[in-house]
Amino acid sequence: MFSDKHKAAGVCYPQGFTAAGVRAGIKKNGNLDVAVIYTQKEAAVAGVFTKNLVAAAPVHLSKIVVNTGTAHAVVANAGCANACTGEQGIRDAEAMATIAANELGCRQDDVIVASTGLIGSNLPMDKMEAGIKDAVKQLSREGSVNAGNAIITTDTYSKACATEVTIGGVEVRFGAIAKGSGMIRPDMATMLCFITTDADIDQKLLQEALRDATEVSFNCMTVDGDMSTNDSVVVLANGAAGNKKIVDKSADYQTFYETLKTICIELAKRIAADGEGASKFLTINVTGAESFADAKKVGMSVANSPLVKTAFFGQDANPGRTICAIGYSGVHVVPEKITIKFGGLTVYDKGLVTKFDSDEMRKVLTEHDITVDIELGLGSAQATVYTCDYTFAYIKLNADYTT
Numbered sequence: 183m184f185s186d187k188h189k190a191a192g193v194c195y196p197q198g199f200t201a202a203g204v205r206a207g208i209k210k211n212g213n214l215d216v217a218v219i220y221t222q223k224e225a226a227v228a229g230v231f232t233k234n235l236v237a238a239a240p241v242h243l244s245k246i247v248v249n250t251g252t253a254h255a256v257v258a259n260a261g262c263a264n265a266c267t268g269e270q271g272i273r274d275a276e277a278m279a280t281i282a283a284n285e286l287g288c289r290q291d292d293v294i295v296a297s298t299g300l301i302g303s304n305l306p307m308d309k310m311e312a313g314i315k316d317a318v319k320q321l322s323r324e325g326s327v328n329a330g331n332a333i334i335t336t337d338t339y340s341k342a343c344a345t346e347v348t349i350g351g352v353e354v355r356f357g358a359i360a361k362g363s364g365m366i367r368p369d370m371a372t373m374l375c376f377i378t379t380d381a382d383i384d385q386k387l388l389q390e391a392l393r394d395a396t397e398v399s400f401n402c403m404t405v406d407g408d409m410s411t412n413d414s415v416v417v418l419a420n421g422a423a424g425n426k427k428i429v430d431k432s433a434d435y436q437t438f439y440e441t442l443k444t445i446c447i448e449l450a451k452r453i454a455a456d457g458e459g460a461s462k463f464l465t466i467n468v469t470g471a472e473s474f475a476d477a478k479k480v481g482m483s484v485a486n487s488p489l490v491k492t493a494f495f496g497q498d499a500n501p502g503r504t505i506c507a508i509g510y511s512g513v514h515v516v517p518e519k520i521t522i523k524f525g526g527l528t529v530y531d532k533g534l535v536t537k538f539d540s541d542e543m544r545k546v547l548t549e550h551d552i553t554v555d556i557e558l559g560l561g562s563a564q565a566t567v568y569t570c571d572y573t574f575a576y577i578k579l580n581a582d583y584t585t
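Each residue of the sequence shown is one higher than the last, beginning at 183 in the working numbering.
Right, here's the structure in full:
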């Protein structure tokens with residue numbers, strides 16, 4: 183389990199970063215809803231965004247910033263997604279960046295912009311402007327918790343973590359905040375994730391590291407199979423640690439990448455576990471595949487199956503639902519080579535549903551964390567997918583939630 187020793191420090195754990203979260207009145211419940219993260223020292227920036235063709239205005243703007251290679255700040259809001267808002271939405275996203283830039287003393291194209299919330303509504307720019315200005319005034323090394331709370335929507339809690347690693351004999355720190363609970367599926371989810379580090383690293387390598395880390399983390403989780411319009415994962419690396427700059431795929435790069443990947447996987451787990459109304463957290467390990475892509479595809483097919491998810495909620499093993507989802511995954515499989523285990527108990531083996539001890543299975547299915555192991559028997563590739571169950575609460579929340 184990832185240590186939460188520096189969790190409260192979050193994005194402010196690395197040297198040179200400050201943050202704030204304020205109430206601007208965008209969320210109807212009056213909670214914190216505007217966040218700013220800032221580094222005075224210019225940072226290399228990398229980003230991975232939704233592949234939904236109906237991408238929100240801030241996504242388009244942030245892609246442009248990432249392409250410049252550097253940034254100083256992130257400004258984000260919750261309560262309004264600024265998606266499907268046309269040219270006005272683009273102007274509003276640009277205005278968010280301009281307001282933040284003017285207050286911080288940097289350029290507009292130094293500011294990453296992100297939004298989450300209701301789709302189809304315009305941002306209340308009077309509230310947004312006041313909120314951004316207030317957040318900049320409140321920037322501090324203790325601001326990560328408020329910033330994290332300012333970006334959540336249906337989440338039950340803000341996700342955050344922080345850690346350090348030695349690179350080239352120098353301590354390098356990483357911090358992160360993330361949100362996500364519903365409309366979660368690969369590429370990526372209704373999720374925002376902002377990662378900070380004081381490592382000095384080439385921007386192109388930073389982008390590659392983030393892309394690869396995202397593929398085995400945020401792109402391997404699902405709550406309900408819906409792809410959002412606003413997904414954004416952004417990393418800022420300001421070099422304040424003073425390590426020798428990482429310019430190639432050396433041992434230092436591998437250490438950096440493994441740390442970044444660990445953070446992304448941990449946050450992906452927390453997002454999946456906090457799925458709307460969830461009562462179970464499922465880890466689906468697929469082994470024996472012919473490729474990583476095949477293993478992931480099988481895992482996602484099982485993870486997205488409403489019948490599988492409701493079976494785990496009902497604490498009913500019902501392995502037929504799992505093997506069925508494997509069969510329609512679109513991956514070539516051989517039923518006679520497949521083995522499936524729930525919590526270490528075999529429920530399907532080489533073409534047959536097996537008999538299992540009902541008392542032992544009951545113990546497995548009453549747990550919050552459940553592991554599903556699927557061996558395909560075709561190769562050596564593997565993938566792990568994270569998801570949750572479907573409950574009555576999920577139906578009620580989304581039936582009552584206006585999008």
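All C-beta atoms, glycine included, are put in the ideal place defined by N, C-alpha and C. Keep in mind the model is a prediction, meaning the values are calculated, not measured.
Euclidean distance between Cα positions of C506 and G496: Start at 1 with the first residue of the sequence shown, and residue 506 comes out as number 324. Start at 1 with the first residue of the sequence shown, and residue 496 comes out as number 314. Our two residues, C506 and G496, have alpha carbons roughly 18 Å apart in a direct line.
Endpoints, alpha helix (DSSP H) assigned at I314: For this step, residue 314 is matched to residue 132 along the sequence shown. Its alpha helix (DSSP H) spans residues 307-319.
From A475, I208, V257, residue whose alpha carbon lies closest to that of L418: By 1-based counting over the sequence shown, the position of residue 418 is 236. Of A475, I208, V257, the residue nearest in Cα terms is V257.
Three-way DSSP call (helix, strand, coil) for I366 in this model: Reading the sequence shown from its first residue, position 184 is the one you call residue 366. Because I366 carries a pLDDT of 46, less than 50, the predicted location of this residue cannot be relied on, and the following value inherits that uncertainty. Here I366 sits in strand by DSSP.
Boundaries of the beta strand (DSSP E) in which L286 is found, first to last residue: Against the sequence shown, residue 286 aligns to sequence position 104. DSSP places L286 in no beta strand (DSSP E) but in the uninterrupted alpha helix (DSSP H) bounded by 268-286.
Where the beta strand (DSSP E) containing F524 begins and where it ends: In the sequence shown, residue 524 corresponds to position 342, counting from 1. F524 -> beta strand (DSSP E) spans 521-524.
Exposure of I246, with buried meaning 16 or more beta-carbon neighbours within 10 Å: As a position in the sequence shown, residue 246 is number 64, starting the count at 1. Burial call: exposed.
Contacts around R393, its chain only, beta-carbon distance under 7 Å, and the 5 residues preceding and following it disregarded: Sequence index remark: in the sequence shown, residue 393 carries index 211 (1-based). Once the five neighbours on either side are set aside, the close Cβ partners of R393 are V230.
Pick from H254, T379, K491, M482 that is closest to G509, judged by C-alpha positions: Within the sequence shown, numbered from 1, the residue matching residue 509 stands at position 327. Taking only the C-alpha atoms, the option nearest G509 is M482.
Delimiting residues of the alpha helix (DSSP H) encompassing C506: As a position in the sequence shown, residue 506 is number 324, starting the count at 1. Element bounds for C506: 501-509.
Rounded C-alpha distance that separates K315 from A237: If you number the sequence shown from 1, residue 315 lands on position 133. If you number the sequence shown from 1, residue 237 lands on position 55. One alpha carbon belongs to K315, the other to A237, and they sit about 27 Å apart.
Separation of L243 from G271, as counted between CA atoms: Numbered from its first residue, the sequence shown carries residue 271 at position 89. Numbered from its first residue, the sequence shown carries residue 243 at position 61. If you take the alpha carbons of G271 and L243, they lie about 11 Å apart.
Residue environment, I577, which counts as buried when at least 16 other CB atoms sit within 10 Å: Locating residue 577 in the sequence shown gives position 395, where the first residue counts as 1. So I577 counts as exposed.
Contacts around D369, its chain only, beta-carbon distance under 7 Å, and the 5 residues preceding and following it disregarded: Taking the first residue of the sequence shown as 1, we reach residue 369 at position 187. Low per-residue confidence applies at D369: pLDDT is 43, beneath 50, and the placement is therefore not dependable, though the value from the model is reported in the following sentence. These residues qualify, in order along the chain: T232, K233, N401, M409.
Cα-Cα separation, C570 to S461: Looking up residue 570 in the sequence shown gives position 388. Looking up residue 461 in the sequence shown gives position 279. Straight-line Cα distance between these residues: approximately 7 Å.
With 16 other Cβ atoms within 10 Å as the buried cut-off, status of G502: In the sequence shown, the residue the question calls residue 502 occupies position 320. Taking a 10 Å sphere around the C-beta of G502, we find fewer than 16 other C-beta atoms and assign the residue as exposed.
Option nearest S511 by Cα separation, candidates N486, A499, L527: If you number the sequence shown from 1, residue 511 lands on position 329. It is N486 whose Cα lies nearest to the Cα of S511.
Rounded separation between D380 and G357 - CA only: Translated into positions along the sequence shown, residue 380 becomes position 198. Translated into positions along the sequence shown, residue 357 becomes position 175. Straight through space, the alpha carbons of G357 and D380 are spaced by roughly 9 Å.
Collapsed DSSP secondary structure at N467 in the structure displayed: As a position in the sequence shown, residue 467 is number 285, starting the count at 1. It is a strand residue.
Selected residue, minimal CA-CA separation from T359, among I383, D337, A329: One-based indexing of the sequence shown puts residue 359 at position 177. It should be pointed out that residue 359 corresponds to Ile in this sequence rather than to Thr. Ranking the options by Cα distance to I359, first place goes to A329.
Outcome for D456 when other beta-carbon atoms lying within 10 angstroms are tallied against a minimum of 16: Stepping through the sequence shown from its first residue, residue 456 is reached at position 274. Classification for D456: buried.
Beta-carbon gap between N500 and T553 smaller than 8 Å: The residue you call residue 500 lines up with position 318 of the sequence shown. The residue you call residue 553 lines up with position 371 of the sequence shown. For N500 and T553, no; Cβs fall outside 8 Å.
Nearest-angstrom beta carbon gap, L558 and V515 [assumed within contact, 8 Å]: Within the sequence shown, the letter at position 333 stands for residue 515. Within the sequence shown, the letter at position 376 stands for residue 558. Rounded to the nearest angstrom, the Cβ distance from V515 to L558 is 6 Å, consistent with a contact under 8 Å.
CB contact below 8 Å: L449 versus chain D: Included in the structure is just one protein chain, with no chain D present.
Beta-bridge pairing of R355 - partner residues as DSSP gives them: The sequence position of residue 355 within the sequence shown is 173, counting from 1. Looking at the DSSP assignment, R355 forms a beta bridge with E346.
Expected contact under 8 Å - CB spacing of Y220 and R355 to nearest Å: Within the sequence shown, numbered from 1, the residue matching residue 220 stands at position 38. Within the sequence shown, numbered from 1, the residue matching residue 355 stands at position 173. About 16 Å; that fails the 8 Å criterion.
Option nearest S297 by Cα separation, candidates E324, A263, G313: Residue 297 sits at position 115 when you count from the first residue of the sequence shown. Measuring from the Cα of S297, the nearest candidate turns out to be A263.
DSSP state of K341 mapped onto helix, strand, coil: Start at 1 with the first residue of the sequence shown, and residue 341 comes out as number 159. Strand.
Rounded Cβ spacing between F494 and T378 (contact assumed at less than 8 Å): Stepping through the sequence shown from its first residue, residue 494 is reached at position 312. Stepping through the sequence shown from its first residue, residue 378 is reached at position 196. The pair is not a contact, with the Cβ atoms about 36 Å apart (cut-off 8 Å).
Endpoints, alpha helix (DSSP H) assigned at V490: One-based indexing of the sequence shown puts residue 490 at position 308. In the DSSP assignment, V490 falls within the alpha helix (DSSP H) that extends over 488-495.
Enclosing beta strand (DSSP E) for L527 [first to last residue]: In the sequence shown, residue 527 corresponds to position 345, counting from 1. Residue range 527-531 is occupied by the beta strand (DSSP E) that includes L527.
E549 (DSSP reduced to helix, strand or coil): As a working mapping, residue 549 is identified with position 367 in the sequence shown. Here E549 sits in coil by DSSP.
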